[in-house]
Structure formats: structure tokens, C-alpha cells
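Each residue of the sequence shown is one higher than the one before, starting from 7 at the first, in my numbering. Ideal Cβ placement from N, Cα and C applies to all residues, glycine included.
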Amino acid sequence: MFQSPGRVNLIGEHTDYNEGFVLPASINRYTYFAFRPNEESQYRFYAYDFKGEYSTTLSEISAQKIEWANYLLGIIKQFVKRGAYVPGFDCVFGGDIPVGAGMSSSASIACGLAYAINKAFNFGFSANELTKFAQLAEHEYAGVQCGIMDQFAVMHGKKDQVMMLDCRSLDFKYFPLQMNDYELVLVNTGVKHSLASSEYNKRREECNAGVSVLKKYDNSVHSLRDVTINLIEEYKSELSEEVCNRCSYVVEENSRLKQACEQLYAGNVEAFGEFMYGSHQGLRHKYEVSCHELDKLVEIAKSIDGVLGARMMGGGFGGCTINLVRKAQVELFKETVRQKYQTPDQKAPEIYEVVIEDGTKEIQ
């Protein structure tokens with residue numbers, strides 16, 4: 007048996023594929039895996055939550071129409087590409103990470119299976135290699151050109167710690183987030199982020215377009231990580247307004263994240279919360295990946311006493327907001343949100359109180 011968590015990201019959105027910084031943490035929502043070798047030349051899966059099954063022979067691994075199967079097949083393929091012979095196995099999986107809410111249910115599934123295969127067959131790949139396998143499974147089989155943050159947070163998470171991850175070098179530092187007086191509360195807009203994949207890939211292209219122009223004038227520029235606001239200002243006549251906005255958002259978000267970590271280190275949680283609000287404004291106005299429902303929830307949060315920070319979380323266009331709330335005011339927060347917000351299908355929003363827990367591991 008294995009469990010693989012979902013993740014939250016406190017600040018640093020859409021910076022990961024620009025080789026910038028992110029600040030995720032793994033949480034107490036999980037995908038669980040029951041796994042056993044079957045001594046047959048077949049991989050057999052049962053998706054408990056989707057009530058669906060899929061099986062294939064060892065020799066036939068290719069992308070399928072069944073969306074959830076692609077995350078799993080993509081993982082097997084990464085082991086094969088690295089020269090590992092993966093014997094047949096049976097796997098049942100399911101859990102309590104809401105799909106499409108921005109808590110990375112897909113990374114949880116991919117990392118969980120990678121960890122299970124590695125452990126069950128004693129392959130000895132490192133946690134970093136398994137993280138990369140999970141990212142490549144999404145690229146090659148699910149068709150989403152995601153960065154490395156989700157998989158890294160799911161695999162390397164640590165209880166009561168947030169992780170400042172450098173997405174270029176994959177160096178990371180843990181910062182304590184002592185939640186004795188505070189709580190992380192997620193509110194689901196009820197909007198499935200169906201636009202996210204196509205718009206996500208479009209944002210990547212816009213960032214790359216900015217880099218192509220700017221590196222002509224500064225050969226130290228390899229990604230937006232190397233860009234300064236001054237450089238963007240100097241050559242903005244050569245960038246479209248959209249590309250200019252995307253680039254300046256990424257540069258500003260990296261700076262916000264570093265300042266936010268300094269506040270966390272100093273124990274100033276209130277100042278940290280202000281950077282969360284700043285992040286949402288950037289995502290809303292410059293990166294344009296928010297939506298009416300996300301904006302409304304952040305505005306409601308801002309009006310409630312005891313909320314230190316709030317922002318959209320994940321790829322955007324739906325999913326959840328993440329809110330940093332004083333423990334004493336959590337009930338007031340939940341009550342106010344339910345009074346002032348309904349999902350597009352006129353229901354009360356789902357609200358999740360989450361705790362920062364360990365990453366993917368074997369369980370009894």
C-alpha cells in the first residue's frame with residue numbers, strides 16, 4: 007500500500023516552467039494505491055473513483071483515449087526508457103483529492119505509481135528521478151507541458167514545512183510554517199479548469215517569445231529567470247503588450263516569493279499574507295489566468311476579519327483559492343464564504359481545511 011498526497015502552492019504560480027521559484031507543500035489529501043506483481047504479462051488497473059478498469063500487455067504501451075490511464079502508462083514507459091524491465095502487476099487506486107481543483111490529483115497519481123513500481127521491484131531510482139518520470143508522463147502521455155513543481159512537492163513534501171524550490175537547479179530549502187495559530191483553507195470555485203491545458207500551453211509560448219527577443223540583447227538570458235524588469239522596459243517596444251505582461255508578471259512573482267520567504271523566516275505571517283494577495287493581482291491582471299469566480303472569492307476573503315492572504319492556486323481558469331486564515335476565525339470565514347458565494351450550478355462551494363503533511367510513501 008502506498009499513499010501520494012495532493013499539494014498546495016502558497017506563492018509562485020506559472021514560474022516553474024520559466025525556471026523560477028515556487029513555494030509548495032504536500033497536504034493531507036491523498037491518492038492511495040494497492041499494488042501487487044501478478045506474474046502475468048499484463049498491467050491491470052482499476053480506478054476506484056472513476057469505477058473504470060484498464061489493462062494492457064507489457065509490449066503494448068501507448069497513449070489511450072481513457073484519460074486517467076495515460077498518467078499510469080506514461081510512468082511505466084519512463085522506467086522502460088531507462089532500461090528497466092517492469093513485470094506485470096495489478097493496481098487499484100483512489101482517494102480524496104478533488105479532480106480539477108488545482109491540488110494536483112494528476113501529479114499525485116503519477117508520483118504514487120512511480121514510487122510503487124520503484125519500491126516493489128527494487129529498481130533503486132532516486133526520488134529526483136521518479137519526480138522527473140512523473141513530469142515526463144504528463145508531457146508525453148497526457149499532453150500537458152507542465153513544469154516540475156507539482157511532482158516535486160508531492161514526492162518531497164515534509165510535515166509542517168513549505169518548500170522553496172529552484173525550478174532550474176532543483177535545489178530546495180524547507181521553511182517552517184508553524185500553523186498553531188493559522189490554517190490553510192481552500193475554497194473550490196466549482197469551475198472545472200477546462201481551459202487550463204490549452205491556455206497553459208499558450209502562456210508557455212508567450213513566455214518563450216519574450217525570451218527569444220530579450221536574449222538577442224543580453225546573451226546571459228536563457229529563460230525568464232535571468233530577466234530583469236529593466237530589461238523588459240528597455241525593449242518592450244519589440245514585445246507585444248501580452249508578451250510584455252506575461253514576462254513582467256513572472257519576474258515580479260519570483261521577487262515576491264523571495265521576499266515572502268524572508269517574512270516567513272522572520273516569523274511575520276501577516277506580511278507573508280500580503281504577498282499572497284499581490285500574487286493574485288499579478289495572475290489576474292498581467293498573466294490573465296484568473297476568472298470571475300476566483301476573483302470574487304479573493305475579494306470576499308479580503309473583506310473577512312482574520313484572513314491574512316488569499317490567491318488563486320494552480321493553472322487557473324477555475325479550481326480553488328488558497329486562504330491563510332487565523333484559526334479563531336476559520337468558522338466565520340467558512341460561514342461568510344457560503345453566504346456570499348455560490349458555484350455556477352447554484353450550490354454551496356466545497357471548502358477544504360488542509361494540513362501540511364509528508365510526501366509520497368509506503369504505508370501499512
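Cβ atoms of S285 and E259: under 8 Å apart, would you say?
Taking the sequence shown and counting its residues from 1, one reaches residue 259 at position 253. Taking the sequence shown and counting its residues from 1, one reaches residue 285 at position 279. Going by beta carbons, E259 and S285 fall inside the 8 Å limit.
In terms of DSSP beta bridges, what is G101 paired with?
Counting from one through the sequence shown, the residue named residue 101 turns up at place 95. Checking the DSSP bridge columns, you'll see G101 partnered with T37.
Between the alpha carbons of D55 and E356, how many angstroms are there, rounded?
On the sequence shown, residue 55 is found 49 positions in, with the first residue counted as 1. On the sequence shown, residue 356 is found 350 positions in, with the first residue counted as 1. Spanning the two alpha carbons is a distance of roughly 18 Å.
My output table needs one value for T327: the three-state DSSP class, helix, strand or coil.
By one-based count along the sequence shown, residue 327 stands at place 321. Of the three classes helix, strand and coil, the one that applies to T327 here is strand, per DSSP.
Residue range of the beta strand (DSSP E) that T62 falls in?
Mapped onto the sequence shown, residue 62 falls at position 56. 58-63 is the extent of the beta strand (DSSP E) around T62.
Contacting residues, own chain, Cβ-Cβ under 7 Å from D351 (five flanking each side not counted):
Mapped onto the sequence shown, residue 351 falls at position 345. Once the five neighbours on either side are set aside, the close Cβ partners of D351 are G196.
Is N44 helix, strand or coil when you go by DSSP?
Numbered from its first residue, the sequence shown carries residue 44 at position 38. Taken through DSSP and simplified to helix, strand or coil, N44 comes out as coil.
In whole angstroms, what is the alpha-carbon distance linking G325 and E59?
Taking the first residue of the sequence shown as position 1, residue 325 is located at position 319. Taking the first residue of the sequence shown as position 1, residue 59 is located at position 53. Distance between the alpha carbons of G325 and E59 is about 27 Å.
Take the Cβ of Q451 as the centre, count every other Cβ of all protein chains shown within 10 Å, and call the residue buried at 16 or more, exposed below.
Any question about residue 451 goes unanswered here, given that the chain covers just 7 to 370.
Just the Cα atoms here: how many angstroms apart are P11 and Y147?
Indexing the sequence shown from 1 puts residue 11 at position 5. Indexing the sequence shown from 1 puts residue 147 at position 141. Cα to Cα, the separation comes out at about 21 Å.
For T62, collect the residues of the same chain with a Cβ closer than 6 Å to its Cβ; drop the 5 residues on either side in sequence, then sort them by chain order.
Within the sequence shown, residue 62 is the residue found at index 56, counting from 1. Within the same chain, and ignoring the five residues on either side of T62 in sequence, the residues whose Cβ sits closer than 6 Å to its Cβ are Y49.
P30 burial status per 10 Å Cβ neighbour count (16 or more: buried)
Position 24 of the sequence shown holds residue 30. Here P30 is buried: its Cβ has 16 or more other Cβ atoms, across all protein chains shown, within 10 Å.
Three or more C-beta pairs under 8 Å: does that hold for the segment 114-129 against the segment 169-176?
Segment contact: the segment 114-129 against the segment 169-176, fewer than three CB-CB distances shorter than 8 Å; contact not assigned.
Considering I357, what are the terminal residues of the beta strand (DSSP E) in which it resides?
Looking up residue 357 in the sequence shown gives position 351. 357-360 is the extent of the beta strand (DSSP E) around I357.
Which residues DSSP lists as bridging G315, in chain order:
Locating residue 315 in the sequence shown gives position 309, counting from the first residue. Beta-bridge pairing links G315 to L330.
Please check the pair V160 and G365, which I expect to be a contact at CB under 8 Å, by giving their CB distance rounded to whole angstroms.
For the purposes of this step, residue 160 is identified with residue 154 of the sequence shown, where counting begins at 1. For the purposes of this step, residue 365 is identified with residue 359 of the sequence shown, where counting begins at 1. Indeed they touch by this definition, with Cβ atoms about 6 Å apart.
Threshold first: 4 residues or longer. Then list the alpha helix (DSSP H) segments lying entirely within the segment 144-208, N to C.
Correct list: 155-162.
Provide the residue span of the beta strand (DSSP E) that contains Q335, from first to last.
Taking the first residue of the sequence shown as 1, we reach residue 335 at position 329. For Q335, there is no enclosing beta strand (DSSP E), as DSSP gives it neither H nor E.
Could you tell me the boundaries of the beta strand (DSSP E) in which F8 lies?
Taking the sequence shown and counting its residues from 1, one reaches residue 8 at position 2. DSSP places F8 inside the beta strand (DSSP E), whose first and last residues are 8-15.
Please work out which residues of its chain come closer than 7 Å, Cβ to Cβ, to A277, disregarding the five sequence neighbours upstream and downstream, and give them in chain order.
In the sequence shown, counting from the first residue as 1, residue 277 sits at position 271. Residues Q269 of the same chain have their beta carbon placed closer than 7 Å to that of A277, with the five preceding and five following residues left out of the count.
Please work out which residues of its chain come closer than 7 Å, Cβ to Cβ, to D232, disregarding the five sequence neighbours upstream and downstream, and give them in chain order.
Working through the sequence shown from its first residue, we reach residue 232 at position 226. Excluding sequence neighbours, D232 sits near S226.
How big is the Cα-Cα spacing for A113 and M185?
Counting from one through the sequence shown, the residue named residue 113 turns up at place 107. Counting from one through the sequence shown, the residue named residue 185 turns up at place 179. One Cα belongs to A113, the other to M185, and the distance between them is close to 25 Å.
Kindly list the residues whose CB is nearer than 7 Å to the CB of S47, restricted to its own chain and excluding five residues on each side of it in sequence; keep chain order.
Counting from 1 along the sequence shown, the entry for residue 47 is found at position 41. Taken in chain order, the residues that qualify are T63, L64, G94.
Starting from the Cα of T349, find the closest Cα among G26, N194, G279 and give me that residue.
For this step, residue 349 is matched to residue 343 along the sequence shown. Ranking the options by Cα distance to T349, first place goes to N194.
Classify Y49 as helix, strand or coil using the three-state DSSP reduction.
If you number the sequence shown from 1, residue 49 lands on position 43. When DSSP states are grouped into helix, strand and coil, Y49 belongs to the strand group.
For the alpha helix (DSSP H) that N251 lies in, which residues bound it at each end?
Reading the sequence shown from its first residue, position 245 is the one you call residue 251. 247-271 is the span of the alpha helix (DSSP H), which, as asked, contains N251.
Among L289, E240, A107, I328, which one has its Cα closest to the Cα of T21?
Locating residue 21 in the sequence shown gives position 15, counting from the first residue. The option with the nearest alpha carbon to T21 is L289.
Measuring CB atoms only, is the segment 207-216 touching the segment 325-341, in the sense that at least three cross pairs come out at less than 8 Å?
The segment 207-216 is not in contact with the segment 325-341.
Completely contained beta strand (DSSP E) runs for the segment 68-144, where each covers 3 or more residues:
Runs of beta strand (DSSP E) with 3 or more residues, each lying fully within the segment 68-144, are found at 95-101, listed in chain order.
Minimum C-alpha distance to A140 - residue among V256, Y77, A69
Numbered from its first residue, the sequence shown carries residue 140 at position 134. Nearest of V256, Y77, A69 to A140, Cα basis: Y77.
Could you give the distance in angstroms between the alpha-carbon of A107 and the alpha-carbon of G315?
Here residue 107 corresponds to residue number 101 of the sequence shown, with the count starting at 1. Here residue 315 corresponds to residue number 309 of the sequence shown, with the count starting at 1. In a straight line, the C-alpha of A107 is about 19 Å away from that of G315.
Own chain, CB closer than 6 Å to S111, minus 5 neighbours either side, in chain order
Counted from its first residue, the sequence shown places residue 111 at position 105. Excluding sequence neighbours, S111 sits near I103, V105.
Nearest candidate by alpha-carbon position, reference V92, set E45, G100, E244:
Stepping through the sequence shown from its first residue, residue 92 is reached at position 86. Nearest of E45, G100, E244 to V92, Cα basis: E45.
For S32, name the three-state secondary structure that DSSP assigns.
In the sequence shown, the residue the question calls residue 32 occupies position 26. In the three-state reduction of the DSSP assignment, S32 falls in the strand class.
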